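**Student:** Pasting a structure below so you can have a look.
Protein chains: 2
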Amino acid sequence: MATTNTREIILSAAEGLFADHGLAGTSLRGITTHAGVNLAAVNYHFGSKEALIQAVFRRRLDALNTERLGRLERVQSRAADGAASLRGTLEAFIVPALEMSHDPEHGGVVFMRLLARVMSERDRALRAFLSDRYGHVIKRFADVLGRALPDLSDEDLFWRLNFVVGALTYAMAEVVWEHDDSARELADLATRLVDFAEAGLTSVTPAQSRISAGVVA
Amino acid sequence: MATTNTREIILSAAEGLFADHGLAGTSLRGITTHAGVNLAAVNYHFGSKEALIQAVFRRRLDALNTERLGRLERVQSRAADGAASLRGTLEAFIVPALEMSHDPEHGGVVFMRLLARVMSERDRALRAFLSDRYGHVIKRFADVLGRALPDLSDEDLFWRLNFVVGALTYAMAEVVWEHDDSARELADLATRLVDFAEAGLTSVTPAQSRISAGVVA
DNA sequence: ATATTATTCAAACGTTTGTTTAGACCCCGA
DNA sequence: TCGGGGTCTAAACAAACGTTTGAATAATAT
Chain R
667 MATTNTREII LSAAEGLFAD HGLAGTSLRG ITTHAGVNLA AVNYHFGSKE ALIQAVFRRR
727 LDALNTERLG RLERVQSRAA DGAASLRGTL EAFIVPALEM SHDPEHGGVV FMRLLARVMS
787 ERDRALRAFL SDRYGHVIKR FADVLGRALP DLSDEDLFWR LNFVVGALTY AMAEVVWEHD
847 DSARELADLA TRLVDFAEAG LTSVTPAQSR ISAGVVA
Chain H
667 MATTNTREII LSAAEGLFAD HGLAGTSLRG ITTHAGVNLA AVNYHFGSKE ALIQAVFRRR
727 LDALNTERLG RLERVQSRAA DGAASLRGTL EAFIVPALEM SHDPEHGGVV FMRLLARVMS
787 ERDRALRAFL SDRYGHVIKR FADVLGRALP DLSDEDLFWR LNFVVGALTY AMAEVVWEHD
847 DSARELADLA TRLVDFAEAG LTSVTPAQSR ISAGVVA
């Protein structure tokens, strides 16, 4: 471990304050005070606030997305024709996120709240950074899911995946973990979410379920 | 209309900038410059930045939630025993939000992006304001949905509703409206979302679908 | 037309922001 | 023991922040 302790202390303090007050709403003074280090330490170790933000995300997301891809590969290699099952693919995407949200050692629910916040932020610089670094993971999952759901049109698939990501994001952010760190709780939530996602993804639109734009039919 | 024009101009400029850069990330100078009014006009008309934020939300959410409750009442009065159908209830909640997101006159997609942002913010003052002013609407819908889904445990219902709200929020925020203001587009999205929510809410958990916390089964 | 109120304006207030600087401290190899 | 690189620190920087002020202007009422 070549990195000093101060770096990690700053990253953790920044993670928590970013999750609570947003990126723009958190000052370097708040971070360094919370971390018990000197104000200038941030610019010494990271160079700027923007670089600190990226370091906060890299510390967690590198591991998360590696784990997701690993699970997806295992699921695919288990299938004879290399086509992963819908449920297996969903689990490969959802379970690592929920496990991480349950593991204080790796950010826990704090980082998940931060992630949920950022998902709805339009900050150009950060979105570009996340897309550059992790876009290939999302693309990979979308491809596999599309092959597992051959009856869905591209447009249907696009929207339903957005719904699933929204549900996952919101669930992670809303989690209060009253009975915290019970593994059973986590498994229950993961099961609920995968069930929900699977049902929503495979549902067949009834022929005349369309909603008239004006009034409820 | 006793209110002067400046008020509305400020509200619209603030709405757009808040959606793009967040509450803390938007300065009063940015707002007034964008609106073409004097810096001091905000404090003259609203008193403070905090009061301006609340006014931005009140302008849109009062109408949205009134519309939601009106639709819910119409759906309920149509049913013989006063028990609204699941689908009707979902439509009463979802359709007004999507219609608003499609109507530039009433905030359009801009306000919906702002709303999605705020949903994942932990800002205490704003959450308290929203909960105080609109909490009864959410409670009302949760009650009606609970009665329409009698087989679900309280916990199951709680989580699935969170999933639905997450999907709706995320869908609204992600909407880019490439082929904008086509009513057919809106109806399609509303149908997709209601289908998705209905399938997810009514799905029955398979007996042994539980995910083991460690490894994918 | 005059008095009164409502609105707009330029300027300045004291804080807080991110960043920079120059020196002190510490630890390890020479 | 000395020297030097990595780390930490107090202090200061200009810029941007929300808010306040007092006078100028516009609108309304008498």
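If you read the sequences in order, they're chains R and H.
One rule links them: number in our numbering = place in the first sequence (from 1) + 666.
One rule links them: number in our numbering = place in the second sequence (from 1) + 666.
Here a beta-carbon is modelled for each residue, glycine too, at the ideal position from N, C-alpha and C.
Keep in mind it's a predicted model, so treat the numbers as computed, not measured.
1. For Val703(H), does the three-state DSSP call read helix, strand or coil?
2. Give the single residue among Leu752(R), Asn731(R), Thr732(R) whose Cα lies nearest to the Cα of Arg741(R).
3. Listing by chain order, which chain H residues have their CB less than 9 Å from the CB of Leu859(R)?
4. Under 7 Å Cβ-Cβ, which residues of chain R neighbour Thr835(H)?
5. Between Glu771(R) and chain H, is any beta-carbon pair separated by less than 8 Å?
6. For the pair the stretch 796-804 of chain R and the stretch 789-797 of chain H, tell me if three or more CB-CB distances fall below 8 Å.
7. Can you list, in chain order, the residues of its chain with a C-beta nearer than 7 Å to that of Phe712(R)? Leave out the 5 residues immediately preceding and following it.
8. Can you tell me the Cβ-Cβ gap for Phe777(R) and Glu716(R), rounded? I've got them flagged as a contact below 8 Å.
9. For the stretch 708-723 of chain H, which residues have a CB atom closer than 7 Å to at least one CB atom of chain R, in sequence order?
10. Spatial neighbours of Val810(H) within its chain, please: CB distance less than 6 Å, with the 5 preceding and 5 following residues excluded, ordered by chain position.
11. Quick one, are the C-beta atoms of Gly812(R) and Ala837(H) less than 8 Å apart?
12. DSSP state of Asp789(H), grouped into three classes?
13. I'd like to know whether the C-beta atoms of Leu815(H) and Leu867(H) end up nearer to each other than 8 Å.
14. Which value, in whole angstroms, describes the spacing of the CA atoms of Leu859(R) and Val708(H)?
15. Rounded to whole angstroms, what is the Cα-Cα separation between Arg853(R) and Pro762(R)?
16. What would DSSP say about Trp843(H), mapped onto helix, strand or coil?
17. Can you find the residues in the same chain that come closer than 6 Å, C-beta to C-beta, to Arg737(H), ignoring five residues on each side of it along the sequence?
18. Return the first residue and the last residue of the alpha helix (DSSP H) that Asp728(R) is part of.
19. Please say whether Arg826(R) and Phe862(H) have beta carbons closer to each other than 8 Å?
20. Which value, in whole angstroms, describes the spacing of the CA atoms of Glu733(R) and Arg790(H)?
21. Give the residues from the stretch 677-694 of chain H that approach chain R closer than 8 Å (Cβ to any Cβ), ordered along the chain.
22. Given this structure, state the Cα-to-Cα distance separating Ala679(R) from Val703(R), to the nearest angstrom.
23. Measure the alpha-carbon distance for Leu823(R) versus Thr835(R) and round it to whole angstroms.
24. For a contact meaning CB atoms closer than 8 Å, what does Asp925(H) contact in chain R?
25. Please name the residue, chosen from Thr672(H), Tyr710(H), Leu818(H), that lies closest to Arg700(H) on a Cα-to-Cα basis.
26. Would you mind reading off the limits of the alpha helix (DSSP H) that contains Pro762(H)?
27. Using a Cβ-Cβ cutoff of less than 8 Å, which residues in the same chain neighbour Ile675(R) once the five nearest sequence positions on both sides are dropped?
28. Tell me which same chain residues have a C-beta within less than 8 Å of the C-beta of Ile760(R), skipping the five on either side of it?
29. Do Arg779(H) and Ala685(H) have their C-beta atoms within less than 8 Å of each other?
30. Just to make sure I have the definition right: I need the residues of chain R whose C-beta is within less than 7 Å of the C-beta of Phe862(H). Which are they?
31. By Cβ distance, which residues of its chain are closer than 7 Å to Arg695(H), with the 5 residues on each side in sequence left out?
32. Use the C-beta contact count for Ser888(H): other C-beta atoms within 10 angstroms, 16 or more gives buried, fewer gives exposed.
33. Tell me, please, whether the CB atom of Val819(H) is closer than 8 Å to any CB atom in chain R?
34. What does Arg783(H) touch in chain R if you count any residue whose Cβ is under 7 Å from its own?
35. Once you ignore the five residues that flank Leu683(R) on each side, which residues in its own chain have a CB closer than 8 Å to its CB?
**Tutor:** Inspection of the coordinates gives the following:
1. Residue state, collapsed to three classes: coil.
2. Here the sequence assigns Val to residue 741(R), which means Arg is not the residue at that position. It is Leu752(R).
3. Within chain H, the residues near Leu859(R) are Trp825, Phe829.
4. The answer, in chain order, is Gly832, Tyr836.
5. Contact with chain H is absent for Glu771(R), since none of that chain's Cβ atoms lies less than 8 Å from the residue's Cβ.
6. Touching, no.
7. Cβ-Cβ distances below 7 Å link Phe712(R) to Leu718, Ala721 in the same chain, with the five nearest sequence neighbours on each side left out; the list follows chain order.
8. 19 Å between Cβ atoms; not a contact.
9. Flagged: no residues at all.
10. Hits under 6 Å: Ala750, Thr755.
11. Cβ distance not < 8 Å, so Gly812(R) and Ala837(H) don't count as in contact.
12. Collapsing the DSSP output to three states places Asp789(H) in coil.
13. Yes, Cβ-Cβ distance for Leu815(H) and Leu867(H) is below 8 Å.
14. Answer to the nearest angstrom: the Cα atoms are 44 Å apart.
15. Residue 853(R) is actually Ala in this sequence, not Arg. Rounded to the nearest whole angstrom, the CA to CA distance from Ala853(R) to Pro762(R) is 11 Å.
16. Here Trp843(H) scores only 44 on pLDDT, less than 50, and its place in the model is too uncertain to base an answer on.
17. If we look at Arg737(H) and ignore the five residues flanking it on each side, its Cβ neighbours are Ala758.
18. Where Asp728(R) is concerned, the enclosing alpha helix (DSSP H) stretches over 715-744.
19. Yes, the pair counts as a contact, with Cβ atoms nearer than the cut-off.
20. Going by the C-alpha atoms only, they are around 34 Å apart.
21. Going along the stretch 677-694 of chain H in chain order, one finds Ala685, Asp686, His687, Gly688, Leu689, Ala690, Gly691 with a Cβ nearer than 8 Å to chain R.
22. Computed Cα separation, rounded: 10 Å.
23. Approximately 18 Å, taken between the alpha carbons.
24. There is simply no residue 925(H) to check, as chain H begins at 667 and stops at 883 in what is shown.
25. Reading off the sequence shown, one finds His at residue 700(H), where the question assumed Arg. Checked all of Thr672(H), Tyr710(H), Leu818(H); the closest Cα to His700(H) is Thr672(H).
26. Taken as a continuous stretch (DSSP letters only), the alpha helix (DSSP H) holding Pro762(H) covers 752-766.
27. Excluding positions up to five away in sequence, the list reads Ala701, Gly702, Val703.
28. Result list for Ile760(R): Leu834, Ala856, Leu859, Val860, Ala863, in chain order.
29. Taking 8 Å as the Cβ cut-off, Arg779(H) and Ala685(H) qualify as a contacting pair.
30. Within chain R, the residues near Phe862(H) are Arg826, Phe829, Gly866, Ser869.
31. Cβ within range, chain order: Leu705.
32. Any property of residue 888(H) remains undetermined from this structure, which presents chain H solely from 667 to 883.
33. Residue 819(H) is actually Ser in this sequence, not Val. Ser819(H) does not count as touching chain R.
34. Near Arg783(H) (Cβ distances below 7 Å), the residues of chain R are Ser786, Glu787.
35. Short of 8 Å from the beta carbon of Leu683(R), and not among the five residues preceding or following it, lie these beta carbons of its own chain, in chain order: Thr692, Gly696, Ile697, His700.
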